[in-house]
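K.L.:
Sequence order for the protein chains is G and X. Take the first sequence: its letter number 159 is residue 159 in UniProt numbering, and every next letter is one higher. Take the second sequence: its letter number 208 is residue 208 in UniProt numbering, and every next letter is one higher. Using N, Cα and C, we set each Cβ at its ideal position, and we do this for glycine too.
There are 2 protein chains.
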Amino acid sequence: MLKYQQIAADIEQEIVDKDLQQGDKLPVLDAFMAQFDVSKSTITKALDLLEKKGIVYQVRGSGIFVRRHKRRGYISLLSNQGFKKELDGFQITSEVLALDIRRPTAEAARNLAVNPEESVYYVKRVRYINGQTLCIEESYYNKSVVSYLNNEIVSESIFNYISDALGLNIGFSDLYFNVGKINKKEAELLRLPDASPGLFMEQIFHLTNGQPFDFSKITYNYEQSQFFIQANNYFL
Amino acid sequence: MLKYQQIAADIEQEIVDKDLQQGDKLPVLDAFMAQFDVSKSTITKALDLLEKKGIVYQVRGSGIFVRRHKRRGYISLLSNQGFKKELDGFQITSEVLALDIRRPTAEAARNLAVNPEESVYYVKRVRYINGQTLCIEESYYNKSVVSYLNNEIVSESIFNYISDALGLNIGFSDLYFNVGKINKKEAELLRLPDASPGLFMEQIFHLTNGQPFDFSKITYNYEQSQFFIQANNYFL
DNA sequence: TAGTGGTCTAGACCACAAG
DNA sequence: TTGTGGTCTAGACCACTAT
């Protein structure tokens, strides 16, 4: 692990351990430089990482402060990998409805940037949170990247498998969503009345080298769908 | 403007001018160093900024590539300032339903971190996109930050006023949302049937020094609500 | 092996905030 | 005025990709 990543992790851990709250001040740069025995740039890099993650904010001339939102049970749309951390204390399980190798839809082929003739993995799951339906998920995986999947893998965290077992590095993702009414089939799976509100999401995941490997379409149970985003204003 | 910001802006402009697409390769670092006559760190800083904005991705040992999503008409949830840029070609207008100074609700006071006795600006608007209802927006502004508002300002972009006229620096925001059914009052304003699906968003905006100054509750017309997010995987 | 991006340093200097 | 974070440099060295 790189120095600045380790330092960032240490500082983050310290925030958790000391249960620091929004607005609490962290030590000054000089203190961190001494503590970790590294140059100013390395500390800055570590803090920039924490800032990107939405954990601190830096104020010139003043100090470094903790950024911590207070609401629990919201799904973070930035931490990519589905749920996990944001929902600690919440139990996520999956029921696998389909797992096979097939031709992608035109839409899937386009989003995965693969030839429509080329087979892909298809996975359809219903996901549950504390026993209640959370969402229906249909995923297409580029087979030349994700070469093998089985029922066991697909019942657990597919992303853990991809990064840990396959050693692939997940880089970034594009996420689109809109709101509408669910159809009869979706209503059945989500155990909701027909034409209930629904959140429809599409997400394309890329490796760090830019290659798309996963195109997913997710329909959320509106009763369980609470999301949050921490945005930074790089935009001016 | 700082060197690295200017360089980032120049590179971004060049991507637009040359109409580069997702995956297109940019010049190598050495070329940029020569072109702008700055050190490697400065170029790296500029490219990191563009990476945070979701405009490029960098691949070690390979190069720097353009990242560009293809779908148009989606509202970016990361570029903070409501709409504007993402919706070029789309006309956004506002109808002001209320503008006054009042005691905040308990909820607004909590989110703005002000005393419940302390008056705040309250603004309620309906926003239209190409003449169709887009959303209902109720906003509370911390009066000790946003000291003055009038009907003219509030009919246009409040954020432009805050940054340009008041000279305040908008830093980051926390955004929460869920999906449900709109009530009768909301249905009227959005010109939708009662109990239509709706997206309910709450957003807290902070200055760069961390002070919250705007708490907004927004109800979106589900027919006009298409959103996108470009996420990076800093999370591992 | 050569090319390319990433990390890290030490230090000079700048810009903003607080007292 | 002092403290604090931010920018920028020049250069050494490292890690990954492509060929």
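State yes or no: is the beta carbon of Lys181(G) nearer than 8 Å to at least one beta carbon in chain X?
P.N.:
Judged by the 8 Å Cβ criterion, Lys181(G) is in contact with chain X.
K.L.:
Thinking just about the alpha-carbon of each residue, which of Glu152(X), Ile229(X), Cys135(X), Asn183(X) is nearest to the one in Thr219(X)?
P.N.:
Among Glu152(X), Ile229(X), Cys135(X), Asn183(X), the Cα nearest to that of Thr219(X) is on Cys135(X).
K.L.:
Quick one: which residues of the stretch 216 to 228 of chain X get their C-beta closer than 8 Å to a C-beta of chain G? List them in chain order.
P.N.:
Flagged, chain order: Tyr220, Tyr222, Ser225, Gln226, Phe227, Phe228.
K.L.:
For chain G, is any of its Cβ atoms less than 8 Å away from the one on Val59(X)?
P.N.:
Answer yes: the Cβ-Cβ gap between Val59(X) and chain G drops below 8 Å somewhere.
K.L.:
Count the other CB atoms within 10 Å of the CB of Gly210(G); is the residue buried (16 or more) or exposed (fewer)?
P.N.:
Its Cβ being crowded by 16 or more others within 10 Å, Gly210(G) is buried.
K.L.:
Whose C-alpha, out of Lys70(X), Asp37(X), Asn169(X), is nearest the C-alpha of Asp19(X)?
P.N.:
Closest by alpha carbon: Lys70(X).
K.L.:
Measure how close the beta-carbons of Phe200(X) and Tyr140(X) come, nearest whole angstrom, since I'm counting them as under 8 Å.
P.N.:
Not really, about 16 Å apart at Cβ, beyond 8 Å.
K.L.:
Considering only the beta carbon of each residue, do Tyr234(G) and Lys25(X) sit closer than 8 Å?
P.N.:
Cβ atoms of Tyr234(G) and Lys25(X): not closer than 8 Å.
K.L.:
Examine chain X for any beta-carbon lying closer than 8 Å to the beta-carbon of Lys53(G), and answer yes or no.
P.N.:
With 8 Å as the cut-off, Lys53(G) counts as an interface residue toward chain X.
K.L.:
Strictly by DSSP, which residues pair up with Lys184(G)?
P.N.:
According to DSSP, which records beta bridges pairwise, Lys184(G) is partnered with nothing at all.
K.L.:
Give me the DSSP bridge partner(s) of Phe213(X).
P.N.:
Per DSSP, none; premise fails for Phe213(X).
K.L.:
Determine the DSSP secondary structure at Met201(G), reduced to helix, strand or coil.
P.N.:
Reduced to three states, the DSSP call for Met201(G) is strand.
K.L.:
For Gln132(G), which of Ala98(G), Ile92(G), Ser163(G) has the nearest alpha-carbon?
P.N.:
Here the closest residue by C-alpha is Ile92(G).
K.L.:
Per DSSP, what kind of secondary structure is Asp164(X) in: helix, strand or coil?
P.N.:
The answer is helix: DSSP assigns Asp164(X) an H, G or I state.
K.L.:
Compare the C-beta of Asn115(G) against all C-beta atoms of chain X and say whether one is closer than 8 Å.
P.N.:
Not an interface residue.
K.L.:
Taking one C-beta from the stretch 54 to 66 of chain X and one from the stretch 6 to 23 of chain X each time, how about it: are there three or more such pairs within less than 8 Å?
P.N.:
Enough Cβ pairs lie closer than 8 Å, so yes.
K.L.:
Is there a Cβ of chain X sitting closer than 8 Å to that of Asp194(G), yes or no?
P.N.:
By this cut-off, Asp194(G) is not an interface position.
K.L.:
Can you tell me whether DSSP reads Thr133(X) as helix, strand or coil?
P.N.:
Three-state DSSP puts Thr133(X) in a strand.
K.L.:
What residues in its chain sit with their C-beta under 8 Å from that of Pro212(X), if we drop five residues either side in the sequence?
P.N.:
Answer for Pro212(X): Asn111, Leu112, Ala113, Asn142, Ile204, Phe205, His206, listed in chain order.
K.L.:
Using 10 angstroms around the beta-carbon of Tyr148(X), count the other beta-carbons present and answer buried if the total reaches 16, otherwise exposed.
P.N.:
It counts as exposed.
K.L.:
Got a sec? Which residues, its chain only, sit under 7 Å from Leu50(G) by beta carbon, not counting five neighbours each side?
P.N.:
Around Leu50(G): Ala8, Ile11, Glu12, Val56.
K.L.:
To which residues of the same chain is Gln21(G) closer than 8 Å at the C-beta, ignoring the five residues directly before and after it?
P.N.:
Answer for Gln21(G): Val66, Arg68, listed in chain order.
K.L.:
Is Arg127(X) close to chain G, meaning its C-beta is less than 8 Å from at least one C-beta of that chain?
P.N.:
No, its Cβ sits nowhere closer than 8 Å to a Cβ of chain G.
K.L.:
Is DSSP giving Ile92(X) helix, strand or coil here?
P.N.:
Correct three-state label for Ile92(X): strand.
K.L.:
Using a Cβ-Cβ cutoff of less than 6 Å, which residues in the same chain neighbour Ala195(G) once the five nearest sequence positions on both sides are dropped?
P.N.:
Answer for Ala195(G): Lys181, listed in chain order.
K.L.:
Do the CB positions of Glu99(G) and Val146(G) come within less than 8 Å of each other?
P.N.:
According to the sequence shown, residue 99(G) is Leu rather than Glu. No; because the gap between Cβ atoms is not below 8 Å, this pair is not in contact.
K.L.:
Which residues bound the beta strand (DSSP E) around Phe65(X)?
P.N.:
Taken as a continuous stretch (DSSP letters only), the beta strand (DSSP E) holding Phe65(X) covers 63 to 66.
K.L.:
Under the three-state reduction of DSSP, which class applies to Asn115(X): helix, strand or coil?
P.N.:
Coil, per DSSP.
K.L.:
For Arg127(X), count neighbouring Cβ atoms within 10 angstroms of its own Cβ and tell me buried if that reaches 16, exposed if not.
P.N.:
Classification for Arg127(X): buried.
K.L.:
Name the DSSP bridge partner or partners of Ile218(G)?
P.N.:
Answer by DSSP bridge pairing, in chain order: Glu137(G), Met201(G).
K.L.:
What is the rounded straight-line gap between the Cα of Leu77(G) and the Cα of Ala231(X)?
P.N.:
Looking at the two C-alpha atoms, the distance is approximately 8 Å.
K.L.:
So Gly210(X) contacts chain G; which residues on that side make the cut at Cβ distance below 7 Å?
P.N.:
In chain order: Gly23, Tyr57, Val59, Phe65.
K.L.:
Tell me, which residues are paired with Asn232(G) by DSSP?
P.N.:
DSSP output for Asn232(G) lists Phe172(X) as bridge partner(s).
K.L.:
Residue 237(X) to Ala109(X), Cα distance in whole Å?
P.N.:
With chain X covering 1 to 236 only, the question about residue 237(X) has no answer from this structure.
K.L.:
So with CB distances below 7 Å, who are the chain G contacts of Arg71(X)?
P.N.:
By Cβ distance, chain G contributes Tyr176.
K.L.:
Quick one: does Gln230(X) have its CB under 8 Å from some CB of chain G?
P.N.:
True, the Cβ-Cβ gap to chain G drops below 8 Å.
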